[in-house]
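Q: Chains A and B, in that order, give the protein sequences. Residues in the first sequence are numbered from 1 upward in steps of one, following the working numbering. Residues in the second sequence are numbered from 286 upward in steps of one, following the working numbering. Got a structure here, written out as structure tokens. Questions coming.
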Amino acid sequence: MKMPPFEYACPTSLSEAVKLLASHDGEAKALAGGQSLLPMMAFRVAQPTLLVDLRKLSGLGEIKISADGVRLGALVRWRDIEDDDRLDAAHPLLKAAIAHVAHYQIRNRGTVGGSIAHADPAAEMPGIAVACDAEIAVMGKAGARIIKAADFFLGALTTALQPDEIITEVRLPAWPASRRSGFQEFARRRGDFAMAGAALFYDLDKSGKASNAHVGVIGVGDRPRRLKPVEAVLNGSAIDEATIAKAAAAASAAVEPQEDIHASAAYRRSLTGTMVERALKSAAG
Amino acid sequence: MPVKFEVNGKPVSVDVEPRLTLADCLRHHLRLTGTHVGCEHGVCGACTVLVDGDAVRSCLMLAVQAEGAKVVTVEGLSNDDDLTPLQKSFRKHHALQCGFCTPGFITTAHALLTEEPDCDADRVREVLSGNICRCTGYIAIVEAVLDARSAYKKTTP
Numbered sequence: 001m002k003m004p005p006f007e008y009a010c011p012t013s014l015s016e017a018v019k020l021l022a023s024h025d026g027e028a029k030a031l032a033g034g035q036s037l038l039p040m041m042a043f044r045v046a047q048p049t050l051l052v053d054l055r056k057l058s059g060l061g062e063i064k065i066s067a068d069g070v071r072l073g074a075l076v077r078w079r080d081i082e083d084d085d086r087l088d089a090a091h092p093l094l095k096a097a098i099a100h101v102a103h104y105q106i107r108n109r110g111t112v113g114g115s116i117a118h119a120d121p122a123a124e125m126p127g128i129a130v131a132c133d134a135e136i137a138v139m140g141k142a143g144a145r146i147i148k149a150a151d152f153f154l155g156a157l158t159t160a161l162q163p164d165e166i167i168t169e170v171r172l173p174a175w176p177a178s179r180r181s182g183f184q185e186f187a188r189r190r191g192d193f194a195m196a197g198a199a200l201f202y203d204l205d206k207s208g209k210a211s212n213a214h215v216g217v218i219g220v221g222d223r224p225r226r227l228k229p230v231e232a233v234l235n236g237s238a239i240d241e242a243t244i245a246k247a248a249a250a251a252s253a254a255v256e257p258q259e260d261i262h263a264s265a266a267y268r269r270s271l272t273g274t275m276v277e278r279a280l281k282s283a284a285g
Numbered sequence: 286m287p288v289k290f291e292v293n294g295k296p297v298s299v300d301v302e303p304r305l306t307l308a309d310c311l312r313h314h315l316r317l318t319g320t321h322v323g324c325e326h327g328v329c330g331a332c333t334v335l336v337d338g339d340a341v342r343s344c345l346m347l348a349v350q351a352e353g354a355k356v357v358t359v360e361g362l363s364n365d366d367d368l369t370p371l372q373k374s375f376r377k378h379h380a381l382q383c384g385f386c387t388p389g390f391i392t393t394a395h396a397l398l399t400e401e402p403d404c405d406a407d408r409v410r411e412v413l414s415g416n417i418c419r420c421t422g423y424i425a426i427v428e429a430v431l432d433a434r435s436a437y438k439k440t441t442p
């Protein structure tokens, strides 16, 4: 469908962009790659009166890797993550997850910040942010603030972001070289939204037992979330077949999936267990 | 609002509403109707064009966002009256029937082969998974793209 009329601005500084967003009674929206927002507008799910295009803002398109972790600028595209060989070691879980984001053409324009702000419950980037305890840096009228990923996603397409705030960066904590991780998702057609997915990692202690397990799921429920009961199964155990089976069962029990035209709740519950099982097998393998 | 960009090597200047997609701008304002509009929400891939070398969905991009960009449409890939090697390959392998999706497949495959002339069948399938064809069953399209790789190897250093 054609989009309804709206105003458009293309500011050259972050402060100007924030001012514009604050000027329309909460009816203005930031536009990055537009790969989620424009379809939402075509469907009238979003009806902003002003689009503030962020493409001329400098410094938001960089991937910074340091001892503190990985910092993804809000305008980093999926394509940029795919092409960055440093991330194979610096954040293999991110790299594995991003390979599943949408299709080739979308990956050339879709951005990290856009996906986080859109907050689709099945999207990979919000899932990685929650699974990895990421911090989301935002800038608004009241200044800059940092929001923990666990506090950022409030429900389907709903976040803690204020109408005048712009996501500037997603900060993923440092990734030890010996960490084990796995990402799995299932969709009927490659690139479509997952009916269920799992993003997980754990560290191994000297005796070969898992510690610091983080298990995130996407596509089940109204937002990405960590499954603490599954993490409890993994922590202190060797990741063998018995542990993996126990973790998969715990994952199925821990989620409250929704039913929709794509899959029943029972199917999603079962699929969640399968995704956790496969992710653990690929992590251990 | 006025927007200036380049289409198929020629500078263009249009006056458009912000809500106009790049796809509709190309078709209605610039009369380049080779770019087809299927779903208008980024699912079918028929409207794929190249923006600064990258394959993108022109229904998910506003014309005003193209300011200063170099846009190439399927018309820009043609070779006057002669078919390009990629187009010839589509013809040879019967990779189209009704042809509605074909401009999107050609632009997408061109971007892929330009960047990755050595891509294998799995990669071709993965990239083309963003384009929907309701006629062919895709096998012939994948074969056509694979067969056209040699033409891109010669021109790519």
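No residue lacks a Cβ here, since even glycine has one placed at the ideal position from N, Cα and C.
Just checking, does the stretch 161–178 of chain A make contact with the stretch 132–147 of chain A on the three C-beta pairs under 8 Å criterion?
A: yes
Q: Spatial neighbours of residue 389 (chain B) within its chain, please: C-beta separation below 6 Å, excluding the five flanking residues on both sides.
A: The count along the second sequence starts at 1 and reaches residue 389 (chain B) at position 104. Around residue 389 (chain B): 330, 331, 333, 416.
Q: Counting only beta-carbon separations shorter than 8 Å, does residue 7 (chain A) have a partner in chain B?
A: Against the first sequence, residue 7 (chain A) aligns to sequence position 7. Yes, its Cβ sits closer than 8 Å to a Cβ of chain B.
Q: Would you please verify whether the beta carbon of residue 415 (chain B) is less than 8 Å from any beta carbon of chain A?
A: For this step, residue 415 (chain B) is matched to residue 130 along the second sequence. Residue 415 (chain B) counts as touching chain A.
Q: Any residues in the stretch 302–324 of chain B with a beta carbon nearer than 8 Å to a beta carbon of chain A? Which ones, in chain order?
A: Taken in chain order, the members of the stretch 302–324 of chain B whose beta-carbon sits within less than 8 Å of a beta-carbon on chain A are 302, 303, 304, 306, 309.
Q: For residue 65 (chain A), which residues of its own chain have a beta-carbon under 7 Å away from its beta-carbon, when the five flanking residues on both sides are left out?
A: Stepping through the first sequence from its first residue, residue 65 (chain A) is reached at position 65. Excluding positions up to five away in sequence, the list reads 86, 90.
Q: Using the Cβ count rule (16 or more neighbours within 10 Å means buried), how would you classify residue 153 (chain A)?
A: Indexing the first sequence from 1 puts residue 153 (chain A) at position 153. Buried: at least 16 other Cβ atoms inside 10 Å.
Q: Between which residues of its own chain and residue 248 (chain A) is the CB-CB distance below 6 Å, once the five residues before and five after are set aside?
A: On the first sequence, residue 248 (chain A) is found 248 positions in, with the first residue counted as 1. So the list reads 273, 276, 277, once near-sequence residues are dropped.
Q: Opposite residue 29 (chain A) in the DSSP bridges: which residues?
A: Translated into the one-based positions of the first sequence, residue 29 (chain A) becomes position 29. Its beta-bridge partners are A:51.
Q: Using C-beta distances below 7 Å, list every residue in its chain close to residue 67 (chain A), excluding the 5 sequence neighbours before and after it, in chain order.
A: Walking along the first sequence from the start, residue 67 (chain A) turns up at place 67. The residues are 174.
Q: Three-state secondary structure (DSSP) at residue 152 (chain A)?
A: Residue 152 (chain A) sits at position 152 when you count from the first residue of the first sequence. Looking at residue 152 (chain A) - three-state DSSP - the assignment turns out to be helix.
Q: Give the DSSP-derived three-state secondary structure of residue 423 (chain B) in the structure shown.
A: Residue numbering aside, residue 423 (chain B) sits at position 138 when the second sequence is read from its first letter. Of the three classes helix, strand and coil, the one that applies to residue 423 (chain B) here is coil, per DSSP.
Q: Based on Cα-Cα distance, which residue from A:44, A:97, A:254 lies nearest to residue 181 (chain A)?
A: Translated into the one-based positions of the first sequence, residue 181 (chain A) becomes position 181. When C-alpha distances from residue 181 (chain A) are compared across A:44, A:97, A:254, the shortest belongs to A:97.
Q: Quick check: the Cα distance between residue 376 (chain B) and residue 307 (chain B), rounded to an integer number of angstroms?
A: Position 91 of the second sequence, counted from the first residue, corresponds to residue 376 (chain B). Position 22 of the second sequence, counted from the first residue, corresponds to residue 307 (chain B). About 28 Å.
Q: Give the interface partners of residue 191 (chain A) over in chain B, defined as CB-CB distance under 9 Å, in chain order.
A: In the first sequence, the residue the question calls residue 191 (chain A) occupies position 191. Under the 9 Å cutoff, chain B gives 411, 414, 415.
Q: Is it buried or exposed, residue 250 (chain A), if we count other Cβ atoms within 10 angstroms and call 16 or more buried?
A: Translated into positions along the first sequence, residue 250 (chain A) becomes position 250. Buried is the call here.
Q: Just to confirm, is the Cβ distance from residue 24 (chain A) to residue 50 (chain A) under 8 Å?
A: For the purposes of this step, residue 24 (chain A) is taken as residue 24 along the first sequence, with counting starting at 1. For the purposes of this step, residue 50 (chain A) is taken as residue 50 along the first sequence, with counting starting at 1. Yes. Within cutoff.
Q: Could you give the first and the last residue of the continuous alpha helix (DSSP H) run that contains residue 385 (chain B)?
A: For the purposes of this step, residue 385 (chain B) is taken as residue 100 along the second sequence, with counting starting at 1. Neither: residue 385 (chain B) is in no alpha helix (DSSP H) and is coded neither H nor E.
Q: Does the Cβ-Cβ distance between residue 292 (chain B) and residue 348 (chain B) come in under 8 Å?
A: Counting from 1 along the second sequence, the entry for residue 292 (chain B) is found at position 7. Counting from 1 along the second sequence, the entry for residue 348 (chain B) is found at position 63. The answer is no: Cβ separation not under 8 Å.
Q: Closest by CA to residue 10 (chain A), which one among A:29, A:83, A:3, A:2?
A: The count along the first sequence starts at 1 and reaches residue 10 (chain A) at position 10. For the residues A:29, A:83, A:3, A:2, the minimum Cα distance to residue 10 (chain A) belongs to A:29.
Q: Could you check whether residue 382 (chain B) and residue 318 (chain B) sit closer than 8 Å to each other, using their CB atoms as the reference points?
A: Here residue 318 (chain B) refers to the residue found at position 33 of the second sequence. Here residue 382 (chain B) refers to the residue found at position 97 of the second sequence. Not closer than 8 Å, so no.
Q: Between the C-alpha atoms of residue 216 (chain A) and residue 255 (chain A), what's the straight-line distance to the nearest angstrom?
A: The count along the first sequence starts at 1 and reaches residue 216 (chain A) at position 216. The count along the first sequence starts at 1 and reaches residue 255 (chain A) at position 255. Taking the straight line joining both Cα atoms gives about 11 Å.
Q: Quick one: complete beta strand (DSSP E) runs, 3+ long, within the stretch 116–195 of chain A?
A: Whole beta strand (DSSP E) segments, 3+ residues: 135–140, 143–148, 153–155, 166–173, 180–186.
Q: When you check each C-beta in the stretch 349–360 of chain B against every C-beta of chain A, which residues fall closer than 8 Å?
A: 349, 350, 352
Q: Closest by CA to residue 220 (chain A), which one among A:74, A:39, A:263?
A: As a working note, residue 220 (chain A) is residue 220 in the first sequence. Among A:74, A:39, A:263, the Cα nearest to that of residue 220 (chain A) belongs to A:263.
Q: Using the Cα positions of residue 279 (chain A) and residue 186 (chain A), report the straight-line distance between them to the nearest angstrom.
A: If you number the first sequence from 1, residue 279 (chain A) lands on position 279. If you number the first sequence from 1, residue 186 (chain A) lands on position 186. So the alpha carbons of these two residues sit roughly 12 Å apart.
Q: Let me know if residue 159 (chain A) comes out buried or exposed under the rule of 16 or more other beta-carbons within 10 Å of its beta-carbon.
A: Taking the first residue of the first sequence as position 1, residue 159 (chain A) is located at position 159. Per the 10 Å Cβ criterion, buried.
Q: Does the separation of the CB atoms of residue 111 (chain A) and residue 139 (chain A) fall below 8 Å?
A: Translated into positions along the first sequence, residue 111 (chain A) becomes position 111. Translated into positions along the first sequence, residue 139 (chain A) becomes position 139. In this structure, residue 139 (chain A) does not lie closer than 8 Å to residue 111 (chain A) by Cβ.
Q: Roughly how far, in whole angstroms, is the beta-carbon of residue 40 (chain A) from the beta-carbon of residue 325 (chain B), given that I think they are within contact range, below 8 Å?
A: Within the first sequence, the letter at position 40 stands for residue 40 (chain A). Within the second sequence, the letter at position 40 stands for residue 325 (chain B). About 13 Å; that fails the 8 Å criterion.
Q: Quick check on residue 327 (chain B) - is its C-beta less than 8 Å from some C-beta in chain A?
A: To locate residue 327 (chain B), count along the second sequence from 1; it is residue 42. So yes, residue 327 (chain B) belongs to the interface.
Q: Given a limit of 7 Å on CB to CB distance, which residues of the stretch 368–382 of chain B reach chain A?
A: none
Q: Taking the DSSP output, what are the residues bridged to residue 291 (chain B)?
A: Within the second sequence, numbered from 1, the residue matching residue 291 (chain B) stands at position 6. B:296, B:355, per the DSSP bridge assignment.
Q: Should residue 105 (chain A) be flagged as near chain B, meaning a C-beta pair shorter than 8 Å?
A: As a position in the first sequence, residue 105 (chain A) is number 105, starting the count at 1. Chain B, which has a Cβ nearer than 8 Å to the Cβ of residue 105 (chain A), makes this yes.
Q: Can you tell me which of the three DSSP states residue 66 (chain A) falls into?
A: Your numbering for residue 66 (chain A) matches position 66 in the first sequence. In this structure, residue 66 (chain A) counts as strand in the three-state DSSP scheme.
Q: In chain B, what lies closer than 8 Å to residue 55 (chain A) by C-beta?
A: If you number the first sequence from 1, residue 55 (chain A) lands on position 55. Result: 350.
Q: Apart from the five residues just before and just after residue 33 (chain A), which ones in its own chain have a Cβ nearer than 6 Å to its Cβ?
A: Here residue 33 (chain A) refers to the residue found at position 33 of the first sequence. The beta carbon of residue 33 (chain A) sits closer than 6 Å to those of 109, 110, 111, 114, all from its chain and outside the five residues before and after it, given in chain order.
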